[in-house]
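Asks:
In structure tokens, the structure reads:
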């Protein structure tokens, strides 16, 4: 970490921008804001009142109500109203169980009988729709509370609401349409064959061209799981803060906010407590002081990793000693092997990852280092010696300050190179092309750091792929046959068939990851899927083998366009075997092989991946 320490010292002494940042104190924090909470709630109310609803509008309404909850003071009137409003949209989109959870919290906080009675009527309706035998209890409680309403007009209107709710519940109930999601069952079957964090199918090798990389220890077939890895840490994107659980990133309609800040929400009190215990108590005020409106995931991951690393080591001094010892070790596999077996070593496995970024990208990380150092000094107990930000000469001699700043810079660069996006599925929920979906982050909920998966090198024509599972693991599976001793390749951005020009792909890879791609698809300028389709149609008469083979998959390939299609493991194997077969008998790249790989990826996502489906239907009872 010597390079980063020197960079920080140089920043302190020579950067006027750094010196300006250092003088901007962040002691007075505004972690919650009732005015913002009210504005967000009103914005949601306007959208809710409109008649033009679809799945995107439903999601926006839900998100804005969730943001209102996050900004509201703990147990305040604003929080009660926001929970009550969110329960309404949840009932509206038939997420009745989540609506009931919100109603319980709103009722607990509310201090006036009128809103409580309204909420109890909504709760009764939700319980009715859920088929619960307890549906009449909230009505009885609401009826009993009428005596506490002083205004006679209000009392009359509320009584009519109660009686109207009873009438609605007496009508024959139309059952909510249910779509069977077998994803968790599929994962249970997968884990019977593959233990999480078992990396026996791969080994680490090193050479001058590829650096550290993973090779297969046995022959691996297409569609076969290579390993399943538990990410070390993960975080949400700026666009989706408060939309998912900040700790596990799961989808939850009734998320709960941090009691202190307005930027994190959790799927449950259990997740909230776990996050607070492990890292959020430290990152909570630090990130508030340093967050921006642009892509902040490197900053988030770096701050979170520092908190986790200090917790693992026991103290800043212990972590400093461990890093010093680690830096002195010359073993290229350090941080990844234990007793000759690949194993994640916690924080040290993250610290061991590549941090090779361009000088152009370095400037952003240096500026973030200055901002975060000030926040760390003012809002954590990690610095025993007080920092004097007005005296640069004294500051550069503060060993712990330099260490933490250099550590943040190191981890921020590591995150830049090694983080991976978590996509909801192969389907864009807003029907955008993948590049547009990627730019708009509409189907990316966050990013993660998984140290073993980070060792996979890139190819625009990879033989493996990552799937982020419904239970928040990284499943790496083969998309092509991989021979024992062969390197396993991942694709960091778009595969060759998704973008027409190799030059465009190479420029994107160079600007983000600071390397030049020389895979076969780039050097030979393979055509994309549109080009392959034209070639397939053009040479129809001259490629009878491909045409004949295509007949075997004429039903399964187009079936992936159906978002509600449920697949079996046998169908996955059918497609995987097709890839195996076409790679042998057809010249590559081929139209059929490429389509089969796309089909395999979509089936894998459908069977094991995360997803968020917001209904277009409106329940206007």
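Numbering (full-length UniProt numbering), first residue to last: 1 to 621.
Ideal Cβ placement from N, Cα and C applies to all residues, glycine included.
If residue 299 sits next to residue 444, beta carbons under 8 Å apart, how far is it from one beta carbon to the other, in whole angstroms?
Replies: For this step, residue 299 is matched to residue 299 along the chain shown. For this step, residue 444 is matched to residue 444 along the chain shown. Incorrect: roughly 17 Å between the Cβ atoms, too far for contact.
Asks: Is the CB-CB distance between residue 15 and residue 73 below 8 Å?
Replies: Counting from 1 along the chain shown, the entry for residue 15 is found at position 15. Counting from 1 along the chain shown, the entry for residue 73 is found at position 73. Judged by beta-carbon spacing, residue 73 lies beyond the 8 Å limit of residue 15, meaning their Cβ atoms are not closer than that value.
Asks: Considering Cα atoms alone, identify which of 246, 36, 184 is closest to residue 64.
Replies: Within the chain shown, the letter at position 64 stands for residue 64. Closest by alpha carbon: 36.
Asks: To the nearest angstrom, how far is it from the Cα of residue 453 to the Cα of residue 312?
Replies: Here the question's residue 453 lines up with position 453 in the chain shown. Here the question's residue 312 lines up with position 312 in the chain shown. Each residue's Cα considered, the two are about 22 Å apart.
Asks: Have a look at 152, 151, 145, 150 and flag the residue whose alpha-carbon is nearest the alpha-carbon of residue 162.
Replies: Against the chain shown, residue 162 aligns to sequence position 162. Of the candidates 152, 151, 145, 150, the residue whose Cα lies closest to the Cα of residue 162 is 145.
Asks: From residue 1 to residue 407, what distance separates their C-alpha atoms?
Replies: Here residue 1 refers to the residue found at position 1 of the chain shown. Here residue 407 refers to the residue found at position 407 of the chain shown. In a straight line, the C-alpha of residue 1 is about 7 Å away from that of residue 407.
Asks: Please say whether residue 366 and residue 383 have beta carbons closer to each other than 8 Å?
Replies: Here the question's residue 383 lines up with position 383 in the chain shown. Here the question's residue 366 lines up with position 366 in the chain shown. No, they are not a contact pair.
Asks: Pair every Cβ in the region 559–571 with every Cβ in the region 526–539, then say whether three or more of these pairs are closer than 8 Å.
Replies: In short, these stretches do not touch, since the Cβ pair count stays below three.
Asks: Mind reading off the beta-carbon distance from residue 396 to residue 9? Whole number of angstroms is fine, and I expect it under 8 Å.
Replies: Looking up residue 396 in the chain shown gives position 396. Looking up residue 9 in the chain shown gives position 9. Their Cβ separation, rounded to whole angstroms, is 5 Å, which keeps residue 396 and residue 9 in contact under 8 Å.
Asks: Given 8 Å as the limit, is there contact between the region 244–252 and the region 75–95, that is, 3 or more CB pairs closer than that?
Replies: no
Asks: Please list, in chain order, all residues of the same chain as residue 398 whose beta carbon is under 7 Å from its beta carbon, the five residues on each side excluded.
Replies: For the purposes of this step, residue 398 is taken as residue 398 along the chain shown, with counting starting at 1. Beyond the five residues adjoining it in sequence on each side, residue 398 comes within less than 7 Å, by CB distance, of 385, 387 in the same chain, given in chain order.
Asks: Would you report the Cα separation of residue 484 and residue 461, rounded to the nearest angstrom?
Replies: To locate residue 484, count along the chain shown from 1; it is residue 484. To locate residue 461, count along the chain shown from 1; it is residue 461. Between residue 484 and residue 461, the C-alpha separation is close to 19 Å.
Asks: So what's residue 567 in DSSP terms, helix, strand or just coil?
Replies: Numbered from 1 along the chain shown, position 567 holds the residue referred to as residue 567. Looking at residue 567 - three-state DSSP - the assignment turns out to be coil, as it is neither helix nor strand.
Asks: May I have the straight-line CA-CA distance separating residue 328 from residue 585, to the nearest angstrom?
Replies: In the chain shown, residue 328 corresponds to position 328, counting from 1. In the chain shown, residue 585 corresponds to position 585, counting from 1. For residue 328 and residue 585, the distance between alpha carbons rounds to 51 Å.
Asks: Enumerate, from N- to C-terminal direction, the unbroken alpha helix (DSSP H) stretches of 4 or more residues contained entirely within the region 424–494.
Replies: 434–440
Asks: Can you check DSSP and say which residues form a bridge with residue 212?
Replies: Counting from 1 along the chain shown, the entry for residue 212 is found at position 212. According to DSSP, residue 212 shares a beta bridge with 206.
Asks: Tell me which same chain residues have a C-beta within less than 8 Å of the C-beta of residue 509, skipping the five on either side of it?
Replies: For this step, residue 509 is matched to residue 509 along the chain shown. If we look at residue 509 and ignore the five residues flanking it on each side, its Cβ neighbours are 458, 492, 493, 515, 516, 517.
Asks: Measuring straight from C-alpha to C-alpha, what distance separates residue 331 and residue 17?
Replies: Counted from its first residue, the chain shown places residue 331 at position 331. Counted from its first residue, the chain shown places residue 17 at position 17. Cα to Cα, the separation comes out at about 38 Å.
Asks: Kindly indicate which three-state DSSP category residue 233 falls into: helix, strand or coil?
Replies: In the chain shown, the residue the question calls residue 233 occupies position 233. Strand, per DSSP.
Asks: Label residue 341 either buried or exposed according to how many other C-beta atoms from any shown protein chain fall within 10 Å of its C-beta, with 16 as the threshold for buried.
Replies: Residue numbering aside, residue 341 sits at position 341 when the chain shown is read from its first letter. That one is exposed.
Asks: Smallest Cα separation from residue 470: which of 183, 165, 50, 7?
Replies: Taking the first residue of the chain shown as 1, we reach residue 470 at position 470. The option with the nearest alpha carbon to residue 470 is 183.
Asks: So, residue 256 versus residue 234, is the Cβ gap smaller than 8 Å?
Replies: Translated into positions along the chain shown, residue 256 becomes position 256. Translated into positions along the chain shown, residue 234 becomes position 234. Their beta carbons are not under 8 Å apart, which means residue 256 does not touch residue 234 by this criterion.
Asks: If you check the beta carbons only, do residue 186 and residue 607 fall under 8 Å apart?
Replies: One-based indexing of the chain shown puts residue 186 at position 186. One-based indexing of the chain shown puts residue 607 at position 607. A distance below 8 Å separates the beta carbons of residue 186 and residue 607.
Asks: Classify residue 402: buried if its beta carbon has 16 or more other beta carbons within 10 angstroms, exposed otherwise.
Replies: Counted from its first residue, the chain shown places residue 402 at position 402. Counting Cβ neighbours within 10 Å, residue 402 comes out buried, since at least 16 surround it.
Asks: In whole angstroms, what separates the C-alpha of residue 432 from that of residue 99?
Replies: Reading the chain shown from its first residue, position 432 is the one you call residue 432. Reading the chain shown from its first residue, position 99 is the one you call residue 99. For residue 432 and residue 99, the distance between alpha carbons rounds to 30 Å.
Asks: DSSP three-state label for residue 1, please.
Replies: Your numbering for residue 1 matches position 1 in the chain shown. Assigned with DSSP and collapsed to three states, residue 1 falls in coil, not helix or strand.
Asks: For residue 237 and residue 468, what's the separation of their Cα atoms in angstroms?
Replies: On the chain shown, residue 237 is found 237 positions in, with the first residue counted as 1. On the chain shown, residue 468 is found 468 positions in, with the first residue counted as 1. Distance between the alpha carbons of residue 237 and residue 468: 16 Å.
Asks: Taking just the CA atoms, how far does residue 166 sit from residue 131?
Replies: As a position in the chain shown, residue 131 is number 131, starting the count at 1. As a position in the chain shown, residue 166 is number 166, starting the count at 1. Cα to Cα, the separation comes out at about 15 Å.
Asks: For residue 621, I'd like the list of residues in its chain whose CB is within less than 8 Å of its CB, leaving aside the five on either flank, ordered along the chain.
Replies: Translated into positions along the chain shown, residue 621 becomes position 621. Bear in mind that a pLDDT of 48 at residue 621, under 50, signals an unreliable position, so the model cannot answer this.
Asks: Using only the alpha-carbon positions, how far apart do residue 610 and residue 519 sit?
Replies: Looking up residue 610 in the chain shown gives position 610. Looking up residue 519 in the chain shown gives position 519. Cα-Cα distance, rounded: 30 Å.
Asks: Quickly, what does DSSP pair residue 337 with across the bridge? List them, please.
Replies: On the chain shown, residue 337 is found 337 positions in, with the first residue counted as 1. Looking at the DSSP assignment, residue 337 forms a beta bridge with 342.
Asks: Between the C-alpha atoms of residue 423 and residue 430, what's the straight-line distance to the nearest angstrom?
Replies: Position 423 of the chain shown holds residue 423. Position 430 of the chain shown holds residue 430. When rounded, the distance between both Cα atoms is 13 Å.
Asks: Compute the beta-carbon to beta-carbon distance between residue 592 and residue 550, rounded to the nearest angstrom, for a pair I have assumed lies under 8 Å.
Replies: For the purposes of this step, residue 592 is identified with residue 592 of the chain shown, where counting begins at 1. For the purposes of this step, residue 550 is identified with residue 550 of the chain shown, where counting begins at 1. Going by Cβ atoms, the distance from residue 592 to residue 550 rounds to 5 Å, so yes, they are a contact pair.
Asks: Quick check: the Cα distance between residue 347 and residue 553, rounded to an integer number of angstroms?
Replies: Here residue 347 is taken as the residue at index 347 of the chain shown, counted from 1. Here residue 553 is taken as the residue at index 553 of the chain shown, counted from 1. Between residue 347 and residue 553, the C-alpha separation is close to 46 Å.
Asks: How long is the line joining the alpha carbons of residue 391 and residue 381, rounded to whole angstroms?
Replies: Here residue 391 corresponds to residue number 391 of the chain shown, with the count starting at 1. Here residue 381 corresponds to residue number 381 of the chain shown, with the count starting at 1. The alpha-carbon atoms of residue 391 and residue 381 are separated by roughly 21 Å.
Asks: I think residue 456 touches residue 489, with their Cβ atoms under 8 Å apart; what is that distance to the nearest whole Å?
Replies: Here residue 456 corresponds to residue number 456 of the chain shown, with the count starting at 1. Here residue 489 corresponds to residue number 489 of the chain shown, with the count starting at 1. Rounded, the Cβ-Cβ distance is 7 Å, consistent with contact.
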